[in-house]
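All residue numbers for the sequence shown refer to my numbering, where the first residue is 101 and numbers rise by one.
Structure first, commentary second.
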Amino acid sequence: MTCHIQSILCLLFLICTRLPAAARPPLQPDNSDIETQTLSEHVHYLTQPHLEGRRPFTQGAALARAYIKSLYQQYRLKPWANRSAYEQPFGLGANLIGVLPGTDPDHTGEIVLLSAHYDHMGQTPLGFCPGAADNASGVAALLEIARVLSASPNPPRRSIAFAAFDCEEMGLLGSFAFTCQPDFDPARFVAVVNIDLIGRYFMDVVKQALFVSGTENYPSLEEQIIRWGQKQNLRILPIGADFSTLRSDHAPFETYGFPCLFFSCGTFPDYHKPGDTADRLDYQAMQQSARLILDTVRYFASAESIEAPVLSNAGSRNELRSIQYALQEIGNHYEQAGFSLPQKQQIESLARLAGQYLADENYTLEKRRQFIAQGLEEILPLLMKMNRSISPDIYRWVMDHRLAVIDASRQIIRDLLHQKSLLLHIPKISCRLYDLADHEIRITEAENGQYHLSVFLQELALEFDIKNWGSKRTRKLQLTETADNDCIGTRNQIIDFCLLKWLSQPQIPSYGRSWHKVLLKFTGEDHGPAFSDWLRWHLAQTGLPDQQQWLLSLRQSDHPDLVRISLP
């Protein structure tokens, strides 16, 4: 009996004690690979007419879910958290989450998320849209990566969650809904890797290339991904995360501070059109892309530690090279890409401009802004023909303020999901969003001790039409500059001005947050996010007893910038 007890204790000790890194068993040979035939089979099944383009609310979407769930079961993935099923309904659709558990006791609570949306447009005024590249290709890659990793003799340190998101085409509703659920804990996530469009070529001409966004603050990882691409005969084209704001399901996770990578071949002339069919995919290129993404997921899931972000004032030269290369390829094959000779000349002009910035040894983030501003005005209307409703001004504003836009979108969708049974009866949802980037706040100090504050604050109005989803009226964006945001005065008068502005629209939190940013920059102090704390601090500085006396003193002021602010 004693011998048995000793044996049991020894066994428990071995189970519960983590082997030191040096004592870990060596990795076993892993001969499993992404198979082009299997990728093709997945895409062809998901694009069959009876799946109705996987449009939400259809029987075809339910068939797509059943197909994905059956493969999750075959690969022995576990449901998310403590749930009993892969399917996570959220009112407008259903996400499918399967988990490959990690094996390292020090890392099993950590999660790497691999995502791809499975919904598409279905029947539209243009005809039936099967969505082969968008995004049956991403789902096929996700399923193949799940198969390879679940069969690997080297299980991951960290858990890997495979997320097939729904309603991406309706405004990333599925991925936003996932981040709104009670059992979503961003502290557990170490990375998100999202796939949306692979197996085609950007504008039909940029071949053997794959865009990746979200690596700009992770230089070592970016260089590693470029090397993995070379191994697959793929040219990796890194671009900033702000280029892809709200473009796919990585976006809802970008506010949490961990790496969020987005892999895509880029759009093409028949994007969101009936021509996006299974026979137009290059399955060899799709295999190469999926292998690269597999390498990336393996890195996040098995590395001892994840690279910390490196913040720099320097612009990304890899991004410049990506833009230059893509534009040169489009210029070289402009007719195949659907452009005219004058448009070709515009594209080539911007490619030359990218080359000029590449030659600048002091290429800063501010110079990047200048380059992007010029490029958006000239090229965006050409390359984004499928998104004519998004003007260059709005696109640039969203790039500058993407985290605020993401948070506002999450709040809209959270409110929408709380409507539950009324979801399909809500005609429109709208919001007003304000935000300030650092370059939009300008402060100059005069010799007489006065300051000039100039704030370029714009309002983004967003209108979302559920009933007309799939038509051109789904989302309406309007950008308006707000007036009377300049003030000249003493330090205390500038602070009075900012606090009055903050108080003037209490029903719009983002308006107050914008003036909070101004106060942070102007004072160099941080008294928290609450107006009351900043006012208490200011009253102590000025000797006034309370808010009522403060407002009374301002009404009696003859300062023109202060008296013109109306309060509710």
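Glycine residues also receive a C-beta, built at the ideal position from the N, C-alpha and C atoms.
Residues near residue i by beta carbon distance below 7 Å, same chain, minus five either side
i, result
"T138", "E244"
"L603", "F631, L667"
"L242", "L214, A216, F262, A264, I295"
"P201", "K178, T208, S259"
"D535", "H501, A504, S610, S614"
"R514", "C280"
"A194", "R165, E187, Q188, D266"
"H433", "V305"
Residue i - DSSP class collapsed to helix/strand/coil
i, result
"D219", "coil"
"F457", "Before going further, note that residue 457 is Tyr rather than Phe in the sequence given. Helix at Y457."
"I588", "strand"
"D285", "coil"
"A401", "helix"
"N418", "helix"
"A44", "The first residue shown for the chain is 101 and the last is 668, placing residue 44 beyond what the model contains."
"H659", "coil"
"V410", "coil"
"G98", "With the chain covering 101 to 668 only, the question about residue 98 has no answer from this structure."
"S344", "helix"
"D206", "coil"
"N182", "coil"
"C280", "helix"
"A583", "coil"
"H350", "coil"
"R154", "helix"
"T623", "helix"
"Y175", "coil"
Cβ-heavy atom distance, residue i to the ligand ATP, below 6 Å
i, result
"P609", "This structure simply doesn't include the ligand ATP, nor any ligand for that matter."
Status (buried if at least 16 other CB within 10 Å, exposed otherwise) for residue i
i, result
"T580", "exposed"
"Q656", "exposed"
"Q641", "exposed"
"G431", "buried"
"E545", "exposed"
"P660", "exposed"
"L516", "buried"
"G612", "buried"
"H150", "exposed"
"A287", "exposed"
"Y301", "buried"
"R79", "Past the boundaries of the shown model lies residue 79; the chain is included only from 101 to 668, so the question cannot be answered."
"E210", "buried"
"I543", "exposed"
"L226", "exposed"
"V663", "exposed"
"H518", "exposed"
"D204", "buried"
"S170", "exposed"
From the options, residue whose alpha carbon lies closest to that of residue i
i, options, result
"L533", "A385, P609, D296", "P609"
"S58", "Q446, Y399, S614", "This structure cannot speak to residue 58, because the chain is shown only from 101 to 668."
"H142", "Q159, Y218, K621, S449", "Y218"
"H220", "F190, T147, S184, A291", "T147"
"K617", "K444, H501, E429", "H501"
"F556", "L577, N548, T582, E435", "T582"
"I665", "Q605, D633, Y145, G340", "Q605"
"L192", "G198, F157, V199", "F157"
"F358", "D285, A236, A537, W634", "D285"
"L310", "E269, A385, E466, V290", "A385"
"E463", "A426, N418, S449", "Residue identity differs from the one stated: residue 463 is Tyr in this sequence, not Glu. Checked all of A426, N418, S449; the closest Cα to Y463 is N418."
Closer than 7 Å to chain B by CB, residue i
i, result
"L177", "The structure shown contains no chain B; it is built from a single protein chain."
Same chain, Cβ closer than 6 Å to residue i, neighbours up to 5 away in sequence not counted
i, result
"S402", "P256, R257"
"R468", "G415"
"T367", "none"
"E540", "F556"
"D658", "none"
Contact under 7 Å by Cβ, residue i with residue j
i, j, result
"Y371", "L420", "no"
"I298", "C365", "yes"
"G222", "G153", "yes"
"Q474", "A454", "no"
"V212", "N317", "no"
"S313", "F276", "no"
"L381", "A232", "yes"
"V293", "T396", "yes"
"Y383", "S140", "yes"
Cβ shell of residue i (< 8 Å), same chain only, five flanking positions each side left out
i, result
"I588", "Q550, Y551, H552, L553, D661"
"E644", "Glu is not the amino acid found at residue 644; the sequence shown has Leu there. So the list reads W650, S653, once near-sequence residues are dropped."
"A437", "M303, D304, V305, P369, I430"
"F343", "S313, M499"
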